[in-house]
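4 protein chains.
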Amino acid sequence: MSFNTFGRVFRFTTWGESHGPALGAVVDGCPPEITLTEADIQPWLDKRRPGTSRFTTQRREPDAVRILSGTFEGRTTGTPISLQIENIDQRSKDYSEVAQAYRPGHADYAYDAKYGFRDYRGGGRSSARETAARVAAGAVARAVIPGVRIRAWVEAIGGDSIDPAAFDDAQIDANPFFCPDAAAAARWEEKVDAARKAGSSLGAIVSCEATGVPAGWGAPLYAKLDSELAAAIMSINAVKGVEIGDGFAAAALSGEENADRMRPGADGPTFLANHAGGIAGGIATGQPIRVRAAFKPTSSILTPVETITRTGDAAEIATRGRHDPCVGIRGVPVVEAMVALVLADQFLLHRAQCR
Amino acid sequence: MSFNTFGRVFRFTTWGESHGPALGAVVDGCPPEITLTEADIQPWLDKRRPGTSRFTTQRREPDAVRILSGTFEGRTTGTPISLQIENIDQRSKDYSEVAQAYRPGHADYAYDAKYGFRDYRGGGRSSARETAARVAAGAVARAVIPGVRIRAWVEAIGGDSIDPAAFDDAQIDANPFFCPDAAAAARWEEKVDAARKAGSSLGAIVSCEATGVPAGWGAPLYAKLDSELAAAIMSINAVKGVEIGDGFAAAALSGEENADRMRPGADGPTFLANHAGGIAGGIATGQPIRVRAAFKPTSSILTPVETITRTGDAAEIATRGRHDPCVGIRGVPVVEAMVALVLADQFLLHRAQCR
Amino acid sequence: MSFNTFGRVFRFTTWGESHGPALGAVVDGCPPEITLTEADIQPWLDKRRPGTSRFTTQRREPDAVRILSGTFEGRTTGTPISLQIENIDQRSKDYSEVAQAYRPGHADYAYDAKYGFRDYRGGGRSSARETAARVAAGAVARAVIPGVRIRAWVEAIGGDSIDPAAFDDAQIDANPFFCPDAAAAARWEEKVDAARKAGSSLGAIVSCEATGVPAGWGAPLYAKLDSELAAAIMSINAVKGVEIGDGFAAAALSGEENADRMRPGADGPTFLANHAGGIAGGIATGQPIRVRAAFKPTSSILTPVETITRTGDAAEIATRGRHDPCVGIRGVPVVEAMVALVLADQFLLHRAQCR
Amino acid sequence: MSFNTFGRVFRFTTWGESHGPALGAVVDGCPPEITLTEADIQPWLDKRRPGTSRFTTQRREPDAVRILSGTFEGRTTGTPISLQIENIDQRSKDYSEVAQAYRPGHADYAYDAKYGFRDYRGGGRSSARETAARVAAGAVARAVIPGVRIRAWVEAIGGDSIDPAAFDDAQIDANPFFCPDAAAAARWEEKVDAARKAGSSLGAIVSCEATGVPAGWGAPLYAKLDSELAAAIMSINAVKGVEIGDGFAAAALSGEENADRMRPGADGPTFLANHAGGIAGGIATGQPIRVRAAFKPTSSILTPVETITRTGDAAEIATRGRHDPCVGIRGVPVVEAMVALVLADQFLLHRAQCR
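Protein chains in written order, with my numbering: chain D, 1 to 355; chain C, 1 to 355; chain P, 1 to 355; chain B, 1 to 355.
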């Protein structure tokens, strides 16, 4: 079944294809009386917008969001919020070859195997263009949890990582890579340019931190905060791995090393470390929530690769058209949006059960 | 909200605490006319059962499952299947100290922060004992998808990995570590013994492969097969990371390296690689599904660590009682169960929408 | 929580207010490869359209539906189908009085009590205008279950019932009341006209029959076919009662009278009666599904009635503006749509669990 | 799909068959720190217990409930509450004939049509015995909304109604019919006795009122309070009709008659009438919630009736075994339980979205 709704009580449903007339999200369950206009949403979409630097796809989409329902006189009414973004710059002619042959790494073959049929234009529903709707919905989520600050950045591109010691929050918005390390950003400029020129692509790691999440949010056992975050992040196009806190590195630690010791603090415990990434037993501890996501390299590459056609014949395919050389970069606002959406949902769940 | 149900149409709900009278699962949505008796479930529980070697907790639980509903004359009827396991070997006296102070790394503090109150005996609901119910439910899931083979193993303990070249499927059940590499198993024996004797603990990485999953299973966009697997695996106690296919390693690859090329095959494509771990666009490609999980070291350690009490005072706590020195080992049947549960659900979802 | 999604696997979400720019539905879970264009949906909307006779509201809305996603080359793709209808003929000035005082029978006071705030224009979200989105979604549902014929009619207006002996299917679309009894239709013309001229309103009873539903559809126990139908019908504006089969009349029968005897038939049993309305134990028996709905009189009336203002003061209010004198009439296509939506969902659920 | 879970955030799942070893409910989402022991649940089960008078089935079940999880030291912990009731007095031999032939009015044929196979003993899962689990869960729901008083009674049996003017709350628990009118109770004694002796059965109407529900509870549009109540009530065995407020009678009223006029009150409006049954636009108005349910006569009768066998041959069947001559009587605590369960859920939903 095609489940295009996410969330338990703060829920959003997205719709739309890469080359259809529009795409959108319906946000349901938003509390009333929250200030919300297009101006609260647009900046987040602008952050994700294509065509803003040579390191992202050259598709030109204004991505102007319209609120079609759910607000009145600039405030939410508690009814569903319909958000809509028109597709402007489709060039469907670019994708004629894709209609016949499957692009390795893309969802082409899988969609045909499932549905027997697909909208092949720009990847149809499986296109990362859908993430614009998530980012719009995420902006509503942020408005629901104003005390929470969510901040993501790129930590590595093509295996080249930032220097944690050089982390500078102010840098993140100062370069086209959302990179907190100016030196790394300079290296990546060269690296991504080279990939772009070669028609190749690069993977990336995105890190995200949410501060201001009160201890207690989380819904054990099968809507655990970390479980929901994992589902949310893994549902993003191209993501192949998710970590909470130390993630895979924790598997190499001893219990003594991994223990986040506590001391009496002003308001709850002061933790001496945060290996857990702010979550224990699926519930927030009050420490910063730390999440990491691995983005595979964009599957669209110019190098011709072996594949098969719809009729099962051997073929070669090179993906022309406009693509991000490193889809992880524009993944930054999407990761933030998904984290916001999970946290807004968990906030409402928490106050349902626990006041 | 306390969401203790997992799944969309093949759903299970678990209940029970570590030191309550019993625990169980209710499996709902199971198709009718499937052969199912306790004998089909017990072997999987036995695989997870504590006290079978010195490398697991010494709590002695027979973990005998009873089917209380949903079958008739040895076959499922399509109605809810209630599975129940009694707790026999609780020793609640071991946990008196835990009532007052929070064990770092455990859910103690988070549960109190959320609920204002907790069943501290053996971790209560947050205990890994709950995973017995998952394994029982997972056995039902396996019966729903008999063509799928699900196999997990331990890939690394405390940072010491198996040699992929030495992988031997037959070894997995031949040692107490579910280790496919005999040499690694020998090393781990020493390593885990040392940790156990020192009252310390170790993390682990568990790998799982599911073969026989037909191309087409998966429910994009927010019940994607990989998203559901991520949620399922991350909901397991102590798991801090999940990977599909190459996972984080994919972030260091180029598009050319990562492309799973296809050639015409007898029945669908023959793939030349499986970086994707058998999933594209959230839909199975027909290749083996590959999932990895990072287990942190058991948080219960004998070394006294700084913490605070319920009333906010400074304290030290050492976790006495019986524990797994490496919780990842017994995580193997749990990972398998969760993968089975996701796949059974996706199978039913697929035939709902696509026949 | 504002739950604006209905259905288990065939799900739809509606959004939109009476006087917003547009309203719509997102249909999720629709099987692929079903022929679907605007032309398949529009006739059902036309049936519900306001302003078609003097017996319905004089608001003039073309109610032209647009499909914004989920189809490709005239067929469904298995991805979410976004349906949108623009609001054209809002006259928001009609509702200024409503902003300050609560109309008895309307949702005004309840919405304010819940949300602290409301879009008062035309009833905002609580307006029956939302049912246009249901009818659009229902047209998609019909396409999913082409073997099922769903037919509703008005059975009584203001306490004046049709003569069952005069039932003529051909009459239903031959008068503005969806009335299968020509004589009753003639009486109602006078009756509704009188109410309209007096600024009064009338209640109605709508009956619906679905034939061609195979024995076996239904999802016991809490998604029983009759339970889902009851929820669906009761969610329609102004509905205050739902019956399946004989409904309340069954409470006066003896067991012998109520038994639907069976004889061997060509394909399953031949039933000698259908007191059950085609459903037993929450599962379809293969007989026609029979549902009845009671619509209260439209709450909008010209007679001034006692009420209070937002600030709690005494007031009188008469509802000016354009309204249906008998909202049950236009309820006919809405009841049909809801029945179609439930049946499409149950069809998919059935084939998920039972093939 | 077999959906045996009800509720959005306060959810319960039931399991068990009439003649299995036990049946039960798992209540999930209950807030923590609520006083709850078996003694809080048992009285409600006792009210529904069979064998307490000659007007109910002679099956003797103590229906002793056990809480197996979710409480600690007499208070809820916020984790799932597993409630279990053993079946003691099964006499499966009574049902051998039912294995081969379908009882008209029962779910026998429908279950076979759906599942191809059924547990025929006592109706298996379709038996009203399952409602014991609902009543147990309902007792937990009551504890969640202590300010709400829920009270049901029998309003008519076999077409013989109480005199509303004779309504006496104190009478309801003073006779075996939950009848608020002593004179009617006397008549019913004769009537039900006659039916019982004749091996016949009678239908009934049950009325329920919930007071103390604050204005604002309700979750429009598809989890409207009335819609949820309709689903809940219609899911009860033998129920064929549901009304809110005036129900079908409202269809005969004019808008002037139906308007619930308001005057300024101490705390919100004072309503001059309650045709709406306490719900407008799917949201509680603060007036008493009024619900009515029509129960068909018990389908088990001694008179042999025409039917068919599993293999499609003609047959006659008379239902021996122990049955309620009027299943509506024991429906009273079940209706109350379902109303409580819906209200507890709506309470939590409301505070999730609206504080």
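Cβ coordinates follow ideal geometry from the N, Cα and C atoms, glycine included.
Residue range of the alpha helix (DSSP H) that D/Leu225 falls in?
If you number the first sequence from 1, residue 225 of chain D lands on position 225. 225 to 234 is the extent of the alpha helix (DSSP H) around D/Leu225.
Taking Cβ-Cβ distances below 9 Å as the criterion, which residues of the stretch 101 to 121 of chain D are in contact with chain P?
Correct list: Tyr111, Lys114, Tyr115, Gly116, Phe117, Arg118, Asp119, Tyr120, Arg121.
Chain D beta carbons: is any one of them nearer than 8 Å to that of C/Asn258?
As a working mapping, residue 258 of chain C is identified with position 258 in the second sequence. For C/Asn258, the answer is yes, since a Cβ of chain D falls inside 8 Å of its Cβ.
Does any C-beta atom of chain C lie closer than 8 Å to the C-beta of D/Ile308?
For the purposes of this step, residue 308 of chain D is taken as residue 308 along the first sequence, with counting starting at 1. So, interface residue.
Assuming P/Ala185 and P/Cys179 make a contact with CB atoms under 8 Å, what is their CB distance in whole Å?
Residue mapping note: residue 185 of chain P aligns to position 185 of the third sequence, counting from 1. Residue mapping note: residue 179 of chain P aligns to position 179 of the third sequence, counting from 1. Indeed, because the Cβ distance is near 4 Å, the residues count as touching under 8 Å.
Tell me which residue opens and which closes the alpha helix (DSSP H) that B/Gln100 is part of.
Along the fourth sequence, read from residue 1 onward, the residue named residue 100 of chain B stands at position 100. Counting along the chain, the alpha helix (DSSP H) containing B/Gln100 begins and ends at 96 to 100.
At a CB distance below 9 Å, what residues from the stretch 74 to 86 of chain C approach chain P? Give them in sequence order.
Of all residues in the stretch 74 to 86 of chain C, Gly78, Thr79, Pro80 have a Cβ within less than 9 Å of some Cβ in chain P.
Kindly say whether B/Ser18, judged by its beta-carbon, lies nearer than 8 Å to any beta-carbon of chain P.
Numbered from 1 along the fourth sequence, position 18 holds the residue referred to as residue 18 of chain B. By this cut-off, B/Ser18 is not an interface position.
Does any residue of chain B bring its CB to less than 8 Å from the CB of C/Arg196?
For the purposes of this step, residue 196 of chain C is taken as residue 196 along the second sequence, with counting starting at 1. So no, C/Arg196 is outside the interface.
Taking the DSSP output, what are the residues bridged to D/Thr211?
Position 211 of the first sequence, counted from the start, is the residue given in the question as residue 211 of chain D. Answer is D/Arg149.
Report the neighbours of B/Leu343 on chain P: residues whose CB is nearer than 9 Å to its CB, in chain order.
For the purposes of this step, residue 343 of chain B is taken as residue 343 along the fourth sequence, with counting starting at 1. None at all; the shortest Cβ gap to chain P is about 14 Å.
Taking only beta-carbon positions, decide if D/Ala183 is within less than 8 Å of chain P.
On the first sequence, position 183 is the one that residue 183 of chain D refers to. So no, D/Ala183 is outside the interface.
Could you tell me whether the Cβ atoms of C/Ser227 and D/Met234 are closer together than 8 Å?
Against the second sequence, residue 227 of chain C aligns to sequence position 227. Against the first sequence, residue 234 of chain D aligns to sequence position 234. Cβ distance < 8 Å, so C/Ser227 and D/Met234 count as in contact.
So, helix, strand or coil for D/Ser127, using DSSP?
Looking up residue 127 of chain D in the first sequence gives position 127. If DSSP states are grouped into helix, strand and coil, D/Ser127 belongs with coil.
Identify every run of the beta strand (DSSP E) within the stretch 154 to 217 of chain B, keeping only runs that are complete inside it and at least 3 residues long; order them along the chain.
With a minimum length of 3 residues, the continuous beta strand (DSSP E) runs that stay inside the stretch 154 to 217 of chain B are 204 to 211.
In three-state DSSP terms, what is B/Glu243?
Numbered from its first residue, the fourth sequence carries residue 243 of chain B at position 243. The answer is strand: DSSP assigns B/Glu243 an E or B state.
8 Å is my cut-off, CB to CB: does D/Pro32 come that close to chain P?
On the first sequence, residue 32 of chain D is found 32 positions in, with the first residue counted as 1. It does; some Cβ of chain P falls within 8 Å.
Assuming D/Ile244 contacts D/Gly277 under a Cβ cut-off of 8 Å, what Cβ separation, rounded to an integer in Å, is found between them?
Taking the first sequence and counting its residues from 1, the one referred to as residue 244 of chain D is at position 244. Taking the first sequence and counting its residues from 1, the one referred to as residue 277 of chain D is at position 277. About 4 Å separates the two Cβ atoms, so the contact holds.
Locate the alpha helix (DSSP H) running through D/Arg290, then write down its first and last residues.
To locate residue 290 of chain D, count along the first sequence from 1; it is residue 290. No alpha helix (DSSP H) holds D/Arg290; the beta strand (DSSP E) holding it covers 289 to 295.
How many whole angstroms separate the CB atoms of C/Ala315 and D/Gly216, which I take to be in contact at a CB cut-off of 8 Å?
By 1-based counting over the second sequence, the position of residue 315 of chain C is 315. By 1-based counting over the first sequence, the position of residue 216 of chain D is 216. Actually they are not in contact, since the Cβ atoms of C/Ala315 and D/Gly216 sit about 21 Å apart, beyond 8 Å.
Smallest Cα separation from D/Gln353: which of B/Thr56, B/Gln42, B/Gly78, B/Trp15?
Here residue 353 of chain D corresponds to residue number 353 of the first sequence, with the count starting at 1. It is B/Gly78 whose Cα lies nearest to the Cα of D/Gln353.
Over what stretch of residues does the alpha helix (DSSP H) that includes C/Ala113 continue unbroken?
Here the question's residue 113 of chain C lines up with position 113 in the second sequence. Element bounds for C/Ala113: 108 to 115.
Just the C-alpha distance for B/Glu88 and C/Glu61, rounded to the nearest angstrom, thanks.
Here residue 88 of chain B refers to the residue found at position 88 of the fourth sequence. Here residue 61 of chain C refers to the residue found at position 61 of the second sequence. According to the sequence as given, residue 88 of chain B is Ile; it is not Glu. Cα to Cα, B/Ile88 sits roughly 28 Å from C/Glu61.
Just the C-alpha distance for C/Asp246 and C/Gly255, rounded to the nearest angstrom, thanks.
Start at 1 with the first residue of the second sequence, and residue 246 of chain C comes out as number 246. Start at 1 with the first residue of the second sequence, and residue 255 of chain C comes out as number 255. Looking at the two C-alpha atoms, the distance is approximately 13 Å.
How about B/Phe367 and B/Leu348: do their beta carbons lie closer than 8 Å?
Residue 367 of chain B is absent from the model: chain B starts at 1 and stops at 355.
Whose CA, out of D/Ser53, D/Ala22, D/Arg48, lies closest to the CA of D/Arg66?
Sequence index remark: in the first sequence, residue 66 of chain D carries index 66 (1-based). Comparing Cα positions, the closest option is D/Ala22.
Please list, in chain order, all residues of the same chain as C/Tyr120 whose beta carbon is under 8 Å from its beta carbon, the five residues on each side excluded.
On the second sequence, position 120 is the one that residue 120 of chain C refers to. Excluding sequence neighbours, C/Tyr120 sits near Tyr95, Val98, Ala99, Asp108.
Can you tell which of P/Ala204, P/Gly331, P/Glu306, P/Glu73 has its C-alpha closest to the C-alpha of B/Phe271?
Along the fourth sequence, read from residue 1 onward, the residue named residue 271 of chain B stands at position 271. Answer by Cα proximity: P/Glu306.
Identify whether C/Phe3 lies in helix, strand or coil by the three-state DSSP scheme.
What you label residue 3 of chain C is simply residue 3 of the second sequence in a count that begins at 1. Correct three-state label for C/Phe3: coil.
At a cut-off of 7 Å, would you count C/Ile81 as near the ligand ZN, judging by its Cβ distance to the nearest heavy atom?
With respect to small molecules bound, the structure shown includes none, and the ligand ZN cannot be examined in it.
Would you call the CB atoms of P/Val291 and P/Val327 closer than 8 Å?
Taking the first residue of the third sequence as position 1, residue 291 of chain P is located at position 291. Taking the first residue of the third sequence as position 1, residue 327 of chain P is located at position 327. Taking 8 Å as the Cβ cut-off, P/Val291 and P/Val327 do not qualify as a contacting pair.
Could you work out which residues of chain B lie near D/Ala352, taking near to mean beta carbons separated by less than 8 Å?
Within the first sequence, residue 352 of chain D is the residue found at index 352, counting from 1. Here the neighbours are Val9, Gly29, Leu348, Leu349, Arg351, Ala352.
If you reduce the DSSP assignment to three classes, tell me which class C/Gly16 lands in.
In the second sequence, counting from the first residue as 1, residue 16 of chain C sits at position 16. Correct three-state label for C/Gly16: strand.
So, are the CB atoms of P/Val334 and P/Arg48 less than 8 Å apart?
Taking the first residue of the third sequence as 1, we reach residue 334 of chain P at position 334. Taking the first residue of the third sequence as 1, we reach residue 48 of chain P at position 48. Against a cut-off of 8 Å, the Cβ pair of P/Arg48 and P/Val334 comes out as a contact.
Given that a residue counts as buried once 16 or more other Cβ atoms are within 10 Å of its Cβ, and exposed if not, what is C/Gln287?
For the purposes of this step, residue 287 of chain C is taken as the residue at position 287 of the second sequence. By the neighbour-count rule (16 or more Cβ atoms within 10 Å), C/Gln287 is buried.
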